[in-house]
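Trainee: Residues in the sequence shown are numbered from 1 upward in steps of one, following the UniProt record's numbering.
Just so it is clear, CB atoms sit at the ideal spot from N, CA and C, and this is done for glycine as well.
These figures come from a predicted structure and were not determined experimentally.
A single structure is presented below for examination.
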Amino acid sequence: MLNETKDPLPVAERVVGVRLESPLVGAADLIKAQEGRASKAFAMRELPFRDLVNVRGELSDPAFVAAFAGVVGCEPPAAPNTVARSDHYDVLWLGPDEWLVRSLAPVQTGMLEAKLTAVLGDAYAAAVDIGSGNTVVEIEGTRARDVLSRGCPLDLHPRLFKPGQCAQSVYFKASIVLIPTGDDHFEIVVRRSFADYFCRIMVDAAASVAP
1 MLNETKDPLP
11 VAERVVGVRL
21 ESPLVGAADL
31 IKAQEGRASK
41 AFAMRELPFR
51 DLVNVRGELS
61 DPAFVAAFAG
71 VVGCEPPAAP
81 NTVARSDHYD
91 VLWLGPDEWL
101 VRSLAPVQTG
111 MLEAKLTAVL
121 GDAYAAAVDI
131 GSGNTVVEIE
141 GTRARDVLSR
151 GCPLDLHPRL
161 FKPGQCAQSV
171 YFKASIVLIP
181 TGDDHFEIVV
191 RRSFADYFCR
201 IMVDAAASVA
211 P
């Protein structure tokens, strides 16, 4: 975190009073306007300040799997593009040895990385907090898949892409991780550097397909 006074303060004192700022702060008025005219066809909102941790490890290592499950509450999924869930987190498959762990509710960010690092020990594994560099956007509505289809090349038919799955893709030029959480409900992890662009281009796409 930045210490704007540049004083050599202890970490605890620097953290106290820090104001968290959403990656979508520049598009706040646009999101507020979108929420105000949300309909059954399409609605979009941010789910800010979630713990997001990228984890690498070997599923063949019982020590890694046990340590991971002890903190997260479930084992990392082995099947490609699937999601595992515990009471407080979901775990998205990104690769054979890579997962994204997300908190299901706003939390004090940065805590999960520390917990995982503490238990991984000598395992051939790593946990890196990426919460400050990403945010989560939620969309829903009867035209949500249509809005996504405007800029996402995946086949989003509900028979093929449904809850319990996830996929890395793009929305126009923005890199995303897409998670269907209901029939017409999606959560999207988007990088901070793309967040403002992503929000604006999605609102533009929604204007042409959702009444």
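1. Buried or exposed: which applies to residue 212, given that a residue is buried once 16 or more other Cβ atoms fall within 10 Å of its Cβ?
2. Apply the 10 Å Cβ neighbour rule to Tyr171 and answer buried if 16 or more other Cβ atoms are within range, or exposed otherwise.
3. Going by DSSP, name the residue or residues bridged to Asp29.
4. For Glu75, collect the residues of the same chain with a Cβ closer than 6 Å to its Cβ; drop the 5 residues on either side in sequence, then sort them by chain order.
5. Rank Gly57, Asp61 and His88 by C-alpha distance to the C-alpha of Val71 and give the top, closest one.
6. Can you tell me where the alpha helix (DSSP H) with Leu116 in it begins and where it stops?
7. Mind the definition here: the segment 103–113 touches the segment 50–63 only if three or more C-beta pairs lie below 8 Å; say whether that holds.
8. Determine contact between the segment 155–167 and the segment 80–87, defined as no fewer than three beta-carbon pairs at a distance below 8 Å.
9. Rounded to a whole number of angstroms, what is the C-alpha to C-alpha distance between Met1 and Arg159?
10. What beta strand (DSSP E) runs, 3 residues minimum, are completely inside the segment 39–124?
Mentor: Once the coordinates are examined:
1. As shown, the chain starts at 1 and ends at 211. That puts residue 212 outside it, with no answer to give.
2. Within the sequence shown, residue 171 is the residue found at index 171, counting from 1. Its Cβ being crowded by 16 or more others within 10 Å, Tyr171 is buried.
3. As a first step, residue 29 must be located in the sequence shown, where it is residue number 29. Answer is none; Asp29 lacks a bridge partner.
4. In the sequence shown, counting from the first residue as 1, residue 75 sits at position 75. Cβ within range, chain order: Val65 and Ala69.
5. Residue numbering aside, residue 71 sits at position 71 when the sequence shown is read from its first letter. For Val71, the nearest C-alpha among the options comes from His88.
6. Indexing the sequence shown from 1 puts residue 116 at position 116. Start and end: Met111 to Leu120.
7. yes
8. yes
9. In the sequence shown, the residue the question calls residue 1 occupies position 1. In the sequence shown, the residue the question calls residue 159 occupies position 159. Here the model assigns Met1 a pLDDT of 31, short of 50, so the residue's position is not dependable, and the following value carries that caveat. Approximately 44 Å, taken between the alpha carbons.
10. 43–47, 52–56, 83–85, 89–95 and 98–103
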